[in-house]
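Undergrad: Residue numbers (my numbering): 8 to 269. For each residue, glycine too, the CB sits at the ideal point set by N, CA and C. Values in this document were obtained by computation on a predicted structure and should not be read as measured data.
1. Determine the direct distance from the alpha carbon of residue 86 to that of residue 130, and round the result to whole angstroms.
2. For residue 23, I'd like the list of residues in its chain whose CB is within less than 7 Å of its CB, leaving aside the five on either flank, ordered along the chain.
3. In three-state terms, what does DSSP make of residue 191?
4. Are there 16 or more other CB atoms within 10 angstroms of the CB of residue 167, so buried, or fewer, so exposed?
5. At the level of alpha carbons, what is the spacing between residue 240 and residue 228?
6. Under 8 Å by Cβ, that's how I've got residue 225 and residue 217 pegged, so tell me the actual separation to the nearest angstrom.
7. According to DSSP, simplified to helix, strand and coil, what is residue 184?
8. Quick check on the DSSP output: what are the complete beta strand (DSSP E) runs of length 3 or more inside the stretch 104 to 179, in order along the chain?
9. Determine the DSSP secondary structure at residue 36, reduced to helix, strand or coil.
10. Checking the sheet assignment: what are the DSSP bridge partners for residue 55?
11. Going by other Cβ atoms of all chains shown within 10 Å of its Cβ, with 16 needed for buried, is residue 88 buried or exposed?
12. Out of 32, 31, 222 and 126, which has the shortest C-alpha to C-alpha gap to residue 52?
13. On the three-state DSSP scale, how would you describe residue 90?
14. How would you call residue 28, buried or exposed, if buried means at least 16 neighbouring beta carbons within 10 angstroms?
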């Protein structure tokens, strides 16, 4: 999905059009050594969108010069799994708000919150978890976090009948994550979203949307130049029927959601 998007969605207003504004004081998790570092120039990174939930007890991490090293075993499950997913996707860096923004520094926190739109727009992909109302639950299918078991198989008149997975829209829209204003904003600010539900993964960029139980080849759903889905394909969850969905509708969607940080 990601390779297809990068290869074919190349219009000037499309998924590969990354904002060029500089992000000052941006920090990222270097997934190879778990150091929180000052971002290199023009970094290629993933971002995480999740629900914090109630505060959890965390052990202070020692600061080493300009880097802060994290202890993997002390991180919440969703962060551990997001780090692994980031590396599996081929990226070295991950942005997570509670680690990449110094929560103890009001000035830095204010500056980075003002740049949230650019942080998510410049991320190559946003990893979204909709499976829990807090950060203790991991990403289903990653590390030790199991997916929901498949439906039962019935034998009827010598024929095996099995229930297939449906569209993940229902699971996403019923999640706590979908009710939060901040996380809703993070999704539609992103150029690409990779959403983990309890039984499958859903991908949506500005020009296509797909999920694991979908059996139709992507090429068959695209226009001849592969730049976007055909107009006859139903819309996705985040970007509407057309690229550049009405900003008024998005503002209404944000205001109608829970603005809690938890």
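TA: Reading from the atomic positions:
1. 17 Å
2. 13, 16 and 17
3. DSSP places residue 191 in helix when its eight states are reduced to three.
4. Residue environment analysis places residue 167 among the exposed positions, since fewer than 16 neighbouring C-beta atoms fall within 10 angstroms of its C-beta.
5. 7 Å
6. 6 Å
7. helix
8. DSSP assignment within the stretch 104 to 179 yields the following whole beta strand (DSSP E) runs of 3 residues or more, N-terminal first: 132 to 136, 160 to 163 and 166 to 169.
9. strand
10. 134
11. buried
12. 126
13. helix
14. exposed
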